[in-house]
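Novice: Just passing along the structure, written as structure tokens.
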Amino acid sequence: MSLRVITQSTPNPNALKFITAKDVKKIGKVTFVHPAECLHVPLATNILGLPNVTAVHLFENVLTVTQDGHGDWPVLESEIIEVIKTFLPSHDPEFITADAPVDQSNWSDDRRKLEEVIDREIRPGLQADGGDLVVLDFIDNIVTVKYEGACGSCPSSRTGTLSGIESILRHEINPHIQIVTLD
Numbered sequence: 074m075s076l077r078v079i080t081q082s083t084p085n086p087n088a089l090k091f092i093t094a095k096d097v098k099k100i101g102k103v104t105f106v107h108p109a110e111c112l113h114v115p116l117a118t119n120i121l122g123l124p125n126v127t128a129v130h131l132f133e134n135v136l137t138v139t140q141d142g143h144g145d146w147p148v149l150e151s152e153i154i155e156v157i158k159t160f161l162p163s164h165d166p167e168f169i170t171a172d173a174p175v176d177q178s179n180w181s182d183d184r185r186k187l188e189e190v191i192d193r194e195i196r197p198g199l200q201a202d203g204g205d206l207v208v209l210d211f212i213d214n215i216v217t218v219k220y221e222g223a224c225g226s227c228p229s230s231r232t233g234t235l236s237g238i239e240s241i242l243r244h245e246i247n248p249h250i251q252i253v254t255l256d
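The opening position of the sequence shown corresponds to residue 74 in this note's numbering, with each subsequent residue numbered one higher.
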């Protein structure tokens, strides 16, 4: 039986989601931008080796692939699907990344509330579009975030999406919150 791969567009014209029936990352999520980062993950290494591909984001059963804007999506899409069909059957979705687990022990109550609101109100929408974000810091009502996956290079992530996130956090946590993105 052939492995089925469903492709979905994202709000980012330079990113596509590839959905499979098999998990690609069981625990957490990861974005790779250099083949050297993922030599232990042949699926990701081979996708990053395709012309014009700049990033691959793995989360649950979804791969989000970003290109530099110079690739021909119909050609690139078929090449990515071929790599997925070749490497997914032997892929280990429980692979370990070098990222250290987030130490939540020193989080303030405000930081915990911030993360709860993001998990409940913001993250599901970003993940549905093939992306995500990570909170890097929360000090004096300034939230520093880094976008991942399709959100990483999406033009709307720096304007409309950022404004929407800020509005939710101002309503739910503090009306003086400001969001800063780290590229």
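We put the CB at the ideal spot given by N, CA and C, even for glycine.
Would you mind stating whether LEU149 and VAL97 have Cβ atoms separated by less than 7 Å?
Specialist: In the sequence shown, counting from the first residue as 1, residue 149 sits at position 76. In the sequence shown, counting from the first residue as 1, residue 97 sits at position 24. Their beta carbons are not under 7 Å apart, which means LEU149 does not touch VAL97 by this criterion.
Novice: On a Cα-Cα basis, can you pick out the residue from ILE169, ALA223, GLU239, LEU76 that is closest to LEU112?
Specialist: Taking the sequence shown and counting its residues from 1, one reaches residue 112 at position 39. Per the Cα distances, ILE169.
Novice: Secondary structure at SER75, three-state DSSP: helix, strand or coil?
Specialist: Mapped onto the sequence shown, residue 75 falls at position 2. Here SER75 sits in coil by DSSP.
Novice: Can you check whether the C-beta of VAL129 is within less than 7 Å of a C-beta belonging to chain B?
Specialist: As a matter of chain content, chain B is missing from the structure shown, which is built from one protein chain.
Novice: Assign LEU76 to one of two classes, buried (16 or more other C-beta atoms within 10 Å of its C-beta) or exposed (fewer than that).
Specialist: Locating residue 76 in the sequence shown gives position 3, counting from the first residue. Label assigned to LEU76: exposed.
Novice: Near GLN251, what residues of its chain come up, given a Cβ to Cβ distance below 6 Å and the 5 sequence neighbours on each side ignored?
Specialist: What you label residue 251 is simply residue 178 of the sequence shown in a count that begins at 1. ILE215, listed in sequence order.
Novice: When you compare only the Cα positions, how much space is there between ALA223 and ILE212?
Specialist: Reading the sequence shown from its first residue, position 150 is the one you call residue 223. Reading the sequence shown from its first residue, position 139 is the one you call residue 212. Between ALA223 and ILE212, the C-alpha separation is close to 27 Å.
Novice: For ALA201, count the other beta carbons within 10 Å of its own beta carbon; 16 or more makes it buried, fewer makes it exposed. Which is it?
Specialist: Counting from one through the sequence shown, the residue named residue 201 turns up at place 128. Flag for ALA201 reads exposed.
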